[in-house]
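Undergrad: Residue numbers (this note's numbering), protein chains in the order written: chain A, 1 to 115; chain B, 1001 to 1112. Glycine residues also receive a C-beta, built at the ideal position from the N, C-alpha and C atoms. Owing to the predicted nature of the structure, the values given are computational and were not obtained by experimental measurement. Here you go, one structure.
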């Protein structure tokens, strides 16, 4: 299957700082990438849909000015958590859609801890 | 808005048992549906993808069925093994190109 990577796999930061998470599709071009957030023992919640070369579409309740998404190329999308606070601590997972199979492939996730 | 429910929330079985995990979704007009497993603290591993026109898919000891009209899917695991212990997630896709919507999952524990 197609491979999606995320970097970093985990990050610890101080409250008020910004953190950038990268999502890459390694062996296919992804016109669409999705960002999810998962709190402990909860389901994956879709945060936003990112299309290459255009602005991301955010789900209701997700602050677009706090969670900045950039999808500048067909293989890379980034999520920046700005002015992070402890309540932003979560597991962030990206996925990339492979158009030919209309299937989503998921990255390994990034564990964010805000102190 | 699509909502996904998975029953049971947790399941503990001895090794060798056959088991069924249930998934229901509120909007039956789906494009396809995927089943994933997630190990603690890890990302997702895709298990099976069922198109809306299909009724089931099989991969090894796993069999997933889809009853689109009733908004249900089941994942059947045959001869369970300790290595099957994980959380299993069901996720329908409403339209081609849109995001998967996830249930809370069923956490399976298989004891040896």
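1. Helix, strand or coil for residue 1067 of chain B, going by three-state DSSP, please let me know.
2. Assuming contact is defined by CB atoms lying nearer than 8 Å, are residue 1105 of chain B and residue 1034 of chain B in contact in what I supplied?
3. In or out: residue 1068 of chain B buried (at least 16 other Cβ within 10 Å) or exposed?
4. Does chain D have any CB closer than 8 Å to the CB of residue 1102 of chain B?
5. On a Cα-Cα basis, can you pick out the residue from A:38, A:32, A:83, A:57 that is closest to residue 1097 of chain B?
6. To the nearest angstrom, how far is the alpha carbon of residue 1081 of chain B from that of residue 83 of chain A?
7. Verify the CB distance criterion: does residue 1078 of chain B have a CB-CB separation below 8 Å to chain A?
8. Among B:1109, B:1092, B:1110, which one has its Cα closest to the Cα of residue 104 of chain A?
9. For the stretch 66-103 of chain A, which segments carrying the beta strand (DSSP E) assignment without a break, of at least 3 residues, lie completely within its bounds, in sequence order?
TA: In brief:
1. strand
2. No. Outside cutoff.
3. buried
4. In the structure shown, chain D cannot be found, because the protein chains are A and B.
5. A:32
6. 45 Å
7. no
8. It is B:1092.
9. Listed in chain order, the beta strand (DSSP E) elements of length 3 or more contained wholly in the stretch 66-103 of chain A are 67-73, 76-81, 90-98.
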